[in-house]
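Residue 758 is where the sequence shown starts when you use my numbering, and the numbers rise one by one after that.
Ideal Cβ placement from N, Cα and C applies to all residues, glycine included.
Model, not experiment: these values are computed from the prediction.
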Amino acid sequence: MIELVFAPEVADARDRGVPVVALESTLVAHGLPWPQNLEVARELEGAVRAGGAVPATIAVVEGAVRIGLPAETLEALAREGARFAKAGATDLAVHLARKTSAATTVSATSVLAARAGIRVFATGGIGGVHRGDAADVSHDLVALARTPICVVSAGAKAILDLPRTLEALETLGVLVVGVGTSELPAFYTRTSGLRLEHRADTIADLAAIARHHWDDLGGGGILACNPIPAASELTGLDAAIEQALADAATAGITGKRLTPYLLARLAEVTAGASIRANRALALHDAAVAAQLAVALAR
């Protein structure tokens, strides 16, 4: 049985029936540079609190599953990200057995949040099918299909093959719902040209859908696609993404190292604009996730 170590704020919220929103730790350890990563981590937690919920940033620290991180641990995660492995759901057992430390990806955070009784998780973008290699598919999709949690994100990361990612989500049976949109967001942009079958124009409607999906039908994951705010959109990145992919191929970078590499290259090419956009969309996701958690708790 996995022992979950709840931060005092999260434990108190559980006792009082206050809604909790899960946050991933890979964004902090590997997704953004220091010190922006710590700033964003604190802002995300603040956005959840402002929405009436309690944030629970999740990580594995010396073999212990931490549901919510104290301030000093969050800072260590941001400052010393290199000493934290990048763990997907399938890696968790290794870190638990060996008592090592790891930042959790979307898949690992989803699984651990669900084990902790948390039904809403906010992140920037999920993984998916990589461009140029349809066999390179993130475990995020499989974990989401199996796990009863709603992931609020700005779609899948723009560096991915979005049409194939959407097809994979449909094949796996993940319920995909646009938040105020009928089109799959493309992370840095609000549109992708890919139509969604379902949309929810209010948080109350999204909460009602989630309740029926889980309570009445025993369903798994829900992907709530929440577009980046219009003022923060970043367009014209296709050429930069293709160049970054070519550079990664030349350098032999694949697997878990690929996404951090591509995001870092985009930050270089855009002179930091992609980091600012990532920050804006992640904060927007946290705010909407808090609203959803509050609605589900009613």
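Under the three-state reduction of DSSP, which class applies to Pro-1073: helix, strand or coil?
Because the chain spans 758 through 1055 in this model, residue 1073 falls outside it and cannot be assessed.
Query raised in the report: For the candidate residues Val-767, Ala-967, Pro-790, Ala-804, whose alpha-carbon lies nearest to that of Val-1045?
Result: Ala-804
In chain order, what residues of the same chain lie with their CB nearer than 6 Å to the CB of His-955, ignoring the 5 residues before and after it?
Val-934
**Asked** Buried or exposed: Ala-760, going by 16 or more other Cβ atoms within 10 Å of its Cβ?
**Response** Position check: residue 760 holds Glu in this sequence, whereas Ala was assumed. So Glu-760 counts as exposed.
Query raised in the report: Can the beta-carbon of Thr-783 be found closer than 8 Å to that of Thr-857?
Result: For the pair Thr-783 and Thr-857, the CB atoms are not nearer than the 8 Å cut-off.
Fill in: Among Pro-812, Ile-979, His-787, Phe-841, the one whose alpha carbon lies nearest that of Ala-957
It is Ile-979.
Is Ile-824 near Ala-764, with beta carbons less than 8 Å apart?
-> yes
Fill in: Counterpart residues of Pro-812 in DSSP-defined beta bridges
Val-778
Query raised in the report: When the Cα of Ala-1001 is compared with those of Val-785, Leu-795, Arg-888, Thr-880, which residue comes out closest?
Result: Arg-888
Separation of Ala-865 from Gly-788, as counted between CA atoms: 15 Å
* To do: Output the boundary residues of the beta strand (DSSP E) element that contains Thr-861.
  => From DSSP, the beta strand (DSSP E) with Thr-861 extends over 859-861.
For a quick check, are the C-beta atoms of Ala-900 and Leu-919 less than 8 Å apart? Their beta carbons are not under 8 Å apart, which means Ala-900 does not touch Leu-919 by this criterion.
- Message: For Phe-763, list the residues DSSP reports as bridge partners.
- Response: DSSP output for Phe-763 lists Ile-824 as bridge partner(s).
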